[in-house]
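Just so it is clear: in the sequence shown, position 65 is 65 by full-length UniProt numbering, and no numbers are missing. Reviewing the structure listed below.
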Amino acid sequence: MNSADSAVAVWWVLAALTTGSFVVIEGGLVTSIAAVLVIVMTAYKVRLIILHFIEARHGPAIWRLLYLTWAFVMATIIVVGHYTAIIVSCSSDCFS
């Protein structure tokens with residue numbers, strides 16, 4: 001598979017993940033589960049973009065590690081923030 005074929009294949013995966021995100025959100029799943037699924041799919045999309053379109057897979061391993069660690073940390077911060085907001089809103093609404 002040459003690089004053009006690889007880029008097209010990755011593009012199709014990105015399009016499928018985008019469609020999957022839309023289906024998860026619009027499909028009526030429980031919102032906290034849907035949010036985490038979308039964030040995980042988005043983090044995977046970021047990984048694909050970094051490795052294939054920014055071409056970090058051909059770069060030094062330390063840069064790949066830094067890029068992918070950044071993506072993981074950002075996704076984790078968003079998930080933790082999401083659940084923190086749920087807990088805070090529940091504590092103010094649930095105990096009053």
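From the three backbone atoms N, C-alpha and C, an ideal C-beta is built for every residue, glycine too.
| Asked | Found |
| --- | --- |
| Nearest-angstrom beta carbon gap, A43 and A71 [assumed within contact, 8 Å] | 6 Å |
| Exposure of A56, with buried meaning 16 or more beta-carbon neighbours within 10 Å | buried |
| Spatially closest choice to G81 from V13, S6, I39, by CA coordinates | I39 |
| Distance between beta carbons of H52 and S21, contact taken as under 8 Å | Incorrect: roughly 19 Å between the Cβ atoms, too far for contact. |
| Pair within 9 Å by beta-carbon distance, Y67 and I77 | no |
| Contact check, L14 vs K45, beta carbons under 9 Å | yes |
| Residue interval of the alpha helix (DSSP H) (run including A56) | No alpha helix (DSSP H) holds A56; DSSP gives it neither H nor E. |
| Whole-angstrom C-beta distance between V36 and V88, which should lie under 8 Å | So it is not a contact: roughly 17 Å between Cβ atoms. |
| Cβ pair M41, V30 closer than 9 Å | no |
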